[in-house]
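**Q** Numbering (the numbering used here), first residue to last: 1351 to 1695.
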Amino acid sequence: MNSIIDLRSDTVSKPGEGMRRAMASAEVGDDVFGDDPTVNLLEERAAALVGKEAAMFVPSGTMANLIAVMTHTRAGDEILLGDQCHIFNYEVAGAARLAGVQSHALKNTEDGALDLADVEAAIREPNIHAPRNPLLCLENTHNRCGGAALEVSTMDGLAELAHRHGMQVHLDGARLFNAAAALEVPAARLARECDTVSFCLSKGLGCPVGSLVCGPADFIREARRNRKMLGGGMRQVGILAAAGLYAFEHNIARLADDHANARLLAAGLAELGVFEPNVPQTNIVVANVRRGSLEQWIGAFREQGVLAVPFGRGRMRMVTHLNITREDIEEALRRVRRAVEAVAV
Ligand code: TLP
């Protein structure tokens, strides 16, 4: 049992013994020269897992998305994306500053998708005055939409529309394997109609660092130049890639446990009459607070040893991950009950 139950994010999970052993014994080389055998194997396996030709290891999900946007576009282009997506809300406007593109944010539907008619209406006619629209960005699972898993039909429909208009599609699949587990569909099928997909090792898969950008071989060749430009060319990074290979073997099949824990947590919160949680499809619980201020609740939880984060106005987020057991969730709910009694609003 954890003394502090840290539900701020699935990024907080710590590597266990097995993963640390795999990292310590990794064979390494200089990856900028393409010489690191462990990175090469990770990239090969990652590409296969999401059904793409090639993959590239990068330090973070933020850099993965930025490189994808940069590689798909030229400065002065306009990308289409959802107004709740990570690229638009949490990546420090890197697409604007570093890729030089303008973002046209379309209203996300509650389930993390985009309305086909909205996308179609946003695509500009070729015109000397207008920016080009080379790229549509999607996110699955959708973080701000409570970890919603977008169905194959939704993914395919949006990609078909984009392709019909000559656009490419990038999928921010930071938690793609959570979506795959929830929908019981292979990750490769979810990403099949997307031209490129990124996913994170350092979230549900429990690695300390790392993400992958996956797509056609010629795209990844160009993406390697952008990674180098951004300072993401790493050297004996097989030490980190080994964690990813370990996670592919041990940490994908267990994601359904995190989802069950999230459902248990949401159901317990709903009973208290103070919080309005989502019915989580994956590992993310978002709850509106009905009484009292958000800051007050986050503080009251912290006093009881339960960590959550503010997630928009009047909303908090809690995320389950591989360091959180069912017993931790039961204990978290006991502590939250105590917090509610202590606050008594
Ligand atoms: N998300 C983090 C925070 O930035 C909000 C979290 O705790 O959930 N895409 C998606 C959908 C993400 O949720 C995240 C991280 C990223 C990209 C960026 O990954 P990192 O943190 O590795 O740069």
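Ideal placement from N, C-alpha and C gives every residue a C-beta, glycine not left out. Predicted, not measured: the structure shown is a model, and the values here were computed from it.
With DSSP as the reference, label M1584 as helix, strand or coil.
**A** It is coil, neither helix nor strand.
**Q** With a cut-off of 8 Å, do at least 3 Cβ pairs link the segment 1519-1526 to the segment 1538-1557?
**A** With the cut-off at 8 Å, the segment 1519-1526 and the segment 1538-1557 touch.
**Q** Which partner residues of A1376 appear in the DSSP bridge assignment?
**A** Beta-bridge pairing links A1376 to no other residue.
**Q** Give me the residue from G1462, D1433, E1470 with the minimum Cα distance to A1499.
**A** Minimum Cα distance to A1499 is reached at G1462.
**Q** Report the option in L1605, L1590, H1422 whose CA atom is closest to the CA atom of A1372.
**A** The shortest C-alpha separation from A1372 is found at L1590.
**Q** The beta strand (DSSP E) with N1638 in it runs from where to where?
**A** N1638 -> beta strand (DSSP E) spans 1634-1639.
**Q** Let me know the secondary structure DSSP gives F1651 once reduced to three states.
**A** DSSP places F1651 in helix when its eight states are reduced to three.
**Q** Return yes when the C-beta of C1550 is under 7 Å from any heavy atom of the ligand TLP, and no when it is not.
**A** Yes, Cβ of C1550 sits closer than 7 Å to a heavy atom of the ligand TLP.
**Q** Is G1450 closer than 8 Å to G1432 when the C-beta atoms are compared?
**A** Not in contact: G1432 and G1450 (Cβ atoms no closer than 8 Å).
**Q** Whose CA, out of D1381, S1503, V1362, lies closest to the CA of G1582?
**A** When each option's Cα is compared against that of G1582, the closest is D1381.
**Q** Shorter than 7 Å, the distance from the beta carbon of T1546 to the closest heavy atom of the ligand TLP, or not?
**A** The answer is no for T1546.
**Q** For a test of your reading of the model: does the CB of H1436 fall under 7 Å from any non-hydrogen atom of the ligand TLP? Yes or no.
**A** It does: the Cβ of H1436 is within 7 Å (strictly closer) of some heavy atom of the ligand TLP.
**Q** Quick one: Cα of T1412 to Cα of E1475, how far?
**A** In a straight line, the C-alpha of T1412 is about 30 Å away from that of E1475.
**Q** If you run the structure through DSSP and keep just helix, strand and coil, what is F1661?
**A** DSSP places F1661 in coil when its eight states are reduced to three.
**Q** Tell me where the beta strand (DSSP E) around H1520 begins and ends.
**A** Start and end: 1518-1522.
**Q** Please identify the residue among M1505, E1501, H1515, A1537 whose C-alpha is closest to the C-alpha of A1472.
**A** Considering only alpha carbons, the answer is H1515.
**Q** Do E1441 and L1562 have their beta-carbon atoms positioned less than 8 Å apart in this structure?
**A** For L1562 and E1441, no; Cβs fall outside 8 Å.
**Q** So is K1364 buried or exposed if we call it buried at 16+ other beta carbons inside 10 Å?
**A** The residue in question, K1364, is exposed, as its Cβ has fewer than 16 Cβ neighbours within 10 Å.
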